[in-house]
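4 protein chains.
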Amino acid sequence: MSRALSYAERRKLQLRDEIIEAAFDVFAERGYHDAGVTDITERVGIGSSTFYRHFDNKRDLLDAVITTVIDRWVAVLAAENAADAAATLGDYRAQSLRIATALNDIASDLRIIRILLGQITGIDREFEQKVFAMFDLAVAFEAGYLDNGLQRGYLRADIDTAATARAVVGMIFGTAILGLNPTIDADERTETSHAAVQLMFDGIAK
Amino acid sequence: MSRALSYAERRKLQLRDEIIEAAFDVFAERGYHDAGVTDITERVGIGSSTFYRHFDNKRDLLDAVITTVIDRWVAVLAAENAADAAATLGDYRAQSLRIATALNDIASDLRIIRILLGQITGIDREFEQKVFAMFDLAVAFEAGYLDNGLQRGYLRADIDTAATARAVVGMIFGTAILGLNPTIDADERTETSHAAVQLMFDGIAK
Amino acid sequence: MSRALSYAERRKLQLRDEIIEAAFDVFAERGYHDAGVTDITERVGIGSSTFYRHFDNKRDLLDAVITTVIDRWVAVLAAENAADAAATLGDYRAQSLRIATALNDIASDLRIIRILLGQITGIDREFEQKVFAMFDLAVAFEAGYLDNGLQRGYLRADIDTAATARAVVGMIFGTAILGLNPTIDADERTETSHAAVQLMFDGIAK
Amino acid sequence: MSRALSYAERRKLQLRDEIIEAAFDVFAERGYHDAGVTDITERVGIGSSTFYRHFDNKRDLLDAVITTVIDRWVAVLAAENAADAAATLGDYRAQSLRIATALNDIASDLRIIRILLGQITGIDREFEQKVFAMFDLAVAFEAGYLDNGLQRGYLRADIDTAATARAVVGMIFGTAILGLNPTIDADERTETSHAAVQLMFDGIAK
DNA sequence: TATGAATGAGTTTTCATTCAT
DNA sequence: TATGAATGAAAACTCATTCAT
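Printed below as a string of structure tokens:
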């Protein structure tokens, strides 16, 4: 049983969170490489070396940032984690819309997309692997849903669930990246999200 | 009529191309920021300053690289530029498969995806804009195809062509990014591509 | 009323001054171009990048150096700034000797002459302009003295005060440059200074 | 007896002179350090390595330039080399005016002043020594004239000829440097020159 | 012989991280 | 504990000089 945190300890955790929050801004605005540690500490209003009481180094901060983000994504997926929850096509469509909406909410914080999806290959291999692991997880979830739908018989029998799961997940993250384009506004992002769900279920053919 | 190039001029262009080719490797392997100019010149087997006879600076080289790439992508799209070419759903499906296959061929050079899609927000705003402009172009093409299909009457009347075009293009580039994952092999990438086309036309619903 | 400086602020200003002082040595010994930033930081005993906490760049340091010097020169001239102070030829001769002695004292720090007069056209146009502006100021002062002497009637009526002022100022700085010659010792510099004053007032004709 | 030069030899010497002439422009405009070898070769219209057929290196070219200049200065002084030529004050004054005019003519080519007097301490010790040697020579000449005048009895008996010679030579070169100031025009330079001669003989006192 | 492409040593400058206060 | 001054390693870039054609 963990004892209650002392004031100082709570204060420390809070400052850590403030740093992470500032890092969201700065990493998103300038990109990881261009973002200076002092850019972040100045935004928080602390001295630059205080940063090192909370993180080992700049790379460590990025880890904290993406862990926070990935946890949130995974939570959304996990909230719907009963792969066999959808008994009918209607259930599944409703579930998919819930997920799409939830993910869209997260993605509406464009900083996250900029940091996580915008520089996948621009940091280092470890970073890449983390993002790919998240992709894998999403694909596994999606494949589970599709397999369930096949078993239940409400999906086409001829779909390759693994490949289709990748296509669906690719569409989710791909549209999120397109949504970074400043020429696209929030409404258009929502419309795109809905179009993606319709595409997924019904396709475009008459 | 441009006169024939002298030997020296051809030699110069050839070296320029060798540098660009090496940059494909190095930028893809290490990312733009981590790639040193000397990493590239060493791979070509030239002195570091020779580089500067061919490019103004490292950033200028990246421009040459992405221009090369974007030109190739656009050429693929432009090769199918008759938006009204597809008279029937079958035509359109065939056309889409051709494009998907061509893009997949390009994307099979994973270096391109790593450089162009892997660090969109990690370089600078100008780089971002170039990639987004390419996305816009692809979306405009796709929307044209869809509008044609609507007019011809072989597509569902209820689709939002703009939003659907974004969903389709997002799927294309999104699956390309997923394809960077080393756990995915070339066959799986092809399967994903086919699944994407099927998804697009028929959806998953029975 | 400016509040007292904190210890850290004083420390910072002191280090800045130490860098400037080292720059006097190094710029004088090696010339601006040949002087490396590390030559200066090593002399101060600091790391090379510490320099950049105090100056924007090497050129900025030169500005600080010459500003310091020009301020000193101007202070000497300004200390005698009452152009109409000399009522008689004797007064004026005494005043001229005072100025000559004061300038000679400054010029005895040969580093100053080496930096300021030794590379007038060797840095950039901005540097040139600053030195020329200082010359102009000296000429204006001198012309003021001469005009006063004409009015008071103790100078030859036929002198062209503007041209003569340039000749006098040219002599001052010209002899300072000759004084850089290592074959000339301090005594000879003083003698030259006195000869210059005598020349100025009496000429050489019997 | 040197045999006549072949065409090729004459051509080579001519090109050498063209390079020197271009160097006058470029060294004067940009200063020695900022002047690139290619700036000079481009002005001549030759390839950069052709330069090295005529000069060992960039520094060697500067030597050729200043040797040319110093030779010209010395020729002017040597043209008047009979130190005992002036039998009367009038003779000497006339001689001084001739020298002043001749030097002024040379100095009207401001490039020379910019190169030779503008960066005395900005190149290296050898350059400095050459300029100082030229100063010494001029001082020795001037001291010879003054000694002659003393002996002949047409100059003040109380002048320190060595120190006065330095003052006079300092005035000559000092006013030449002031003349670089773009606010001073050719007429003013001539007036300054005359004022300097008058100052030298008569001083300013009534 | 003349060329200009290639060279690499050298310099300035940046920034994540450490340390003295 | 918090600070920010100090650090030094690293990297882009320049240019006098050489070399292959």
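Protein chains in written order, with the working numbering: chain D, 1 to 206; chain P, 1 to 206; chain H, 1 to 206; chain F, 1 to 206.
Where is the CB? At the ideal position from N, CA and C, for every residue including glycine.
Close Cβ partners of residue i (< 8 Å) along its chain, the five nearest in sequence each way excluded
| i | result |
| --- | --- |
| M171 of chain F | A196, L199, M200 |
| A100 of chain P | I172, S193, H194, A196, V197 |
| T121 of chain P | E128 |
| A87 of chain D | R152 |
| A186 of chain H | S108 |
| G149 of chain H | A86, L89, Y92, L155 |
Euclidean distance between Cα positions of residue i and residue j
| i | j | result |
| --- | --- | --- |
| G31 of chain H | I123 of chain F | 7 Å |
| E191 of chain D | A163 of chain P | 6 Å |
| I184 of chain D | S48 of chain F | 53 Å |
| D109 of chain H | H33 of chain H | 21 Å |
| L13 of chain D | D71 of chain D | 18 Å |
| D39 of chain D | R11 of chain H | 25 Å |
| P182 of chain D | N104 of chain P | 27 Å |
| R59 of chain D | L155 of chain P | 49 Å |
| K206 of chain D | Y92 of chain D | 21 Å |
| V131 of chain P | A23 of chain H | 48 Å |
| L89 of chain D | D158 of chain P | 20 Å |
| R125 of chain P | W73 of chain P | 21 Å |
| F51 of chain F | A133 of chain F | 28 Å |
| G211 of chain D | E29 of chain P | Any answer about residue 211 of chain D is impossible in this case: the structure gives chain D only from 1 up to 206. |
| K53 of chain P | A8 of chain H | It is Arg, not Lys, that sits at residue 53 of chain P in the sequence shown. Distance between the alpha carbons of R53 of chain P and A8 of chain H: 48 Å. |
| F135 of chain P | N57 of chain P | 26 Å |
| A94 of chain P | L15 of chain D | 57 Å |
| D84 of chain P | G174 of chain D | 26 Å |
| D160 of chain H | A4 of chain F | 54 Å |
| D25 of chain D | L137 of chain D | 27 Å |
Neighbourhood of residue i by C-beta, 6 Å cutoff - its chain only, sequence neighbours within 5 removed
| i | result |
| --- | --- |
| F27 of chain F | A35, I115 |
| R189 of chain P | G179 |
| M1 of chain H | The pLDDT assigned to M1 of chain H is 44, lower than 50, so where the model puts this residue is not dependable, and the model offers no usable value. |
| F55 of chain H | L61 |
| I177 of chain D | L117 |
| A102 of chain F | V76 |
| V44 of chain F | E18, I19, A22 |
| E42 of chain H | none |
| S96 of chain H | V197 |
DSSP beta-bridge partners of residue i
| i | result |
| --- | --- |
| A205 of chain F | H:L155 |
Span of the alpha helix (DSSP H) around residue i
| i | result |
| --- | --- |
| T68 of chain F | 58-79 |
| S96 of chain D | 89-107 |
| R111 of chain H | 110-116 |
| G174 of chain D | 161-178 |
| D124 of chain F | Taken as a continuous stretch (DSSP letters only), D124 of chain F belongs to no alpha helix (DSSP H), as it is neither H nor E. |
| A22 of chain H | 7-30 |
| R53 of chain D | 51-54 |
| S40 of chain D | In the sequence as displayed, the identity of residue 40 of chain D is Ile instead of Ser. Taken as a continuous stretch (DSSP letters only), the alpha helix (DSSP H) holding I40 of chain D covers 37-44. |
Sequence-distant residues of its chain with Cβ nearer than 7 Å to residue i (five each side left out)
| i | result |
| --- | --- |
| V168 of chain H | E142, M200 |
| S112 of chain F | The sequence shown places Ile at residue 112 of chain F, not Ser. Excluding positions up to five away in sequence, the list reads V69, I106. |
| I46 of chain P | none |
| Q119 of chain F | G31, Y32 |
| V139 of chain F | A165, R166, V169 |
| V37 of chain F | S48, F51, K58 |
| R98 of chain D | E80 |
Heavy atom of the ligand PLP within 7 Å of residue i beta-carbon
| i | result |
| --- | --- |
| I46 of chain P | Looking for the ligand PLP in the displayed structure turns up nothing, as the structure carries no ligands at all. |
Quiz item: Are the stretch 15-27 of chain F and the stretch 58-70 of chain F touching, with three or more C-beta to C-beta distances below 8 Å?
Solution: Counting C-beta pairs with one atom in each stretch, the stretch 15-27 of chain F and the stretch 58-70 of chain F have three or more that are closer than 8 Å, which means they touch.
Quiz item: Given 8 Å as the limit, is there contact between the stretch 75-90 of chain P and the stretch 143-159 of chain P, that is, 3 or more CB pairs closer than that?
Solution: Yes, the stretch 75-90 of chain P touches the stretch 143-159 of chain P.
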